[in-house]
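Undergrad:
Numbering (UniProt numbering), first residue to last: 1 to 385.
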């Protein structure tokens with residue numbers, strides 16, 4: 001088992017890029033492919049993975065929420081209870097439980113998360129998923145709202161949570177939720193409240209994050225595509241007097257040579273579950289077309305992109321440790337605060353990432369920080385270049 005990366009000046013900086021990983025609490029891994037994977041959805045595997053990730057230097061883990069099978073996800077553990085089990089196995093890792101407004105009421109979530117926050121000493125967070133899978137809502141008998149209405153409900157959901165977690169005698173009169181002089185006690189350990197994450201690429205998703213969410217997750221994309229999204233959301237957040245941090249999805253294939261990494265990528269795509277990829281693509285693109293602008297997270301995704309659920313191949317963290325570290329620092333330069341990672345063989349690849357990639361990221365961050373602190377060094381560096 002690897003040791004944690006050595007602490008550097010960059011690693012202790014508050015602006016150091018953070019790392020999260022997708023919790024494989026859903027069967028099938030993070031690719032819609034029949035390629036053999038040494039990844040398992042069981043509790044025992046996931047607790048070992050959480051300990052490995054914590055030692056490797058990961059700060060966050062994201063538990064997925066699924067209510068029905070589909071696209072290779074035959075089995076699914078529930079996100080909140082599974083997150084609590086991972087917290088019991090670790091001491092520093094913060095776990096994000098995915099929450100779906102509709103099936104969950106904000107009063108239930110507020111109470112659950114406040115209790116887990118006390119049990120874990122402030123290591124629980126949530127990811128509010130507005131919903132893209134219509135068939136899932138229909139299967140469990142939940143009303144399916146129009147695209148922007150789902151985000152309007154999420155906005156009320158988050159505002160209600162913040163109110164419950166920070167106020168006594170909380171009163172709220174919304175279109176979806178109502179509270180009358182409600183006081184939650186005890187309130188969470190984390191102040192002002194546990195972190196609230198949210199994803200999506202539509203106008204409604206970005207506007208919601210720019211007004212109420214602490215973190216905004218976006219699908220994988222090119223640097224140019226990500227920068228346009230980040231600039232847009234931060235401009236909106238500034239207009240609202242709000243601060244939001246940015247996380248980006250990336251499927252990591254780190255190997256000793258670029259040829260090895262590209263061969264793994266091609267093998268994943270060559271073994272794609274064609275029927276499942278097309279079904280997933282049809283569902284998510286239909287959801288995106290329902291937005292007023294007619295686009296969503298997967299609007300421009302190709303078949304190959306869709307083999308990884310959240311366009312993780314597009315972010316291009318595929319190559320040698322040095323190549324990947326340089327690309328991560330480039331992401332940071334355009335405003336990315338956190339990289340949400342997926343892997344083919346989770347435990348061994350998370351360990352490799354912690355040994356080979358993360359220390360290089362910290363070295364590059366430290367070098368850039370030293371350069372920024374010493375303006376006189378800039379002309380020298382330019383001359384060398």
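Heads up, the beta-carbon is just placed ideally off N, CA and C, and yes, glycines get one too.
State the CB to CB distance for the pair residue 246 and residue 335, rounded to an integer number of angstroms; the pair is presumed to be in contact (CB under 8 Å).
TA: 6 Å
Undergrad: Residue 109 lies in the alpha helix (DSSP H); which residues open and close that run?
TA: Judged by DSSP secondary structure, residue 109 falls within the alpha helix (DSSP H) whose first and last residues are 106-119.
Undergrad: Using beta-carbon positions only, say whether residue 199 and residue 221 come within less than 9 Å of one another.
TA: no
Undergrad: Could you name the residues of the same chain whose beta carbon sits closer than 8 Å to that of residue 385, not counting the 5 residues immediately before and after it, in chain order?
TA: Note that residue 385 scores a pLDDT of 37, beneath 50, so its modelled location is shaky and nothing firm can be said.
Undergrad: Kindly indicate which residue of 192, 163 and 196 has the alpha-carbon position closest to the one of residue 183.
TA: Residue 183 has its Cα closest to that of 163, out of 192, 163 and 196.
Undergrad: Starting from residue 63, follow the beta strand (DSSP E) in both directions and report where the run begins and ends.
TA: 60-63
Undergrad: Ignore the nearest five residues each way along the sequence and tell me which others in residue 93's own chain have a CB closer than 8 Å to its CB.
TA: 50, 53, 54, 58, 59, 60, 61, 86, 87 and 123
Undergrad: Any idea what DSSP makes of residue 18, helix, strand or coil?
TA: strand
Undergrad: Is the separation between the beta-carbon of residue 255 and that of residue 319 shorter than 9 Å?
TA: yes
Undergrad: On the CB-based measure, 16 or more other CB atoms within 10 Å of its CB, does residue 370 come out buried or exposed?
TA: exposed
Undergrad: Is the beta carbon of residue 396 less than 9 Å from the beta carbon of residue 308?
TA: Nothing in the structure corresponds to residue 396, since the chain is present only between 1 and 385.
Undergrad: Grouping DSSP H, G and I as helix and E and B as strand, with all else coil, what is residue 163?
TA: Under the three-state reduction of DSSP, residue 163 is assigned to helix.
Undergrad: Comparing alpha-carbon positions, which option in 174, 146 and 194 lies nearest residue 109?
TA: 194
Undergrad: For residue 365, count neighbouring Cβ atoms within 10 angstroms of its own Cβ and tell me buried if that reaches 16, exposed if not.
TA: buried
Undergrad: Which same chain residues, not among the five before or five after residue 174, have their C-beta less than 6 Å away from its C-beta?
TA: Correct list, in chain order: 156.
Undergrad: Under DSSP, the beta strand (DSSP E) around residue 340 begins and ends at which residues?
TA: 338-342
Undergrad: Does the beta-carbon of residue 19 have 16 or more other beta-carbons within 10 angstroms, so that it is buried, or is it exposed?
TA: When all chains shown are included, residue 19 counts as buried.
Undergrad: With distances taken Cα to Cα, identify the nearest neighbour of residue 172 among 332, 33, 315 and 106.
TA: 106
Undergrad: Please identify the residue among 35, 23, 34 and 39 whose C-alpha is closest to the C-alpha of residue 66.
TA: 23
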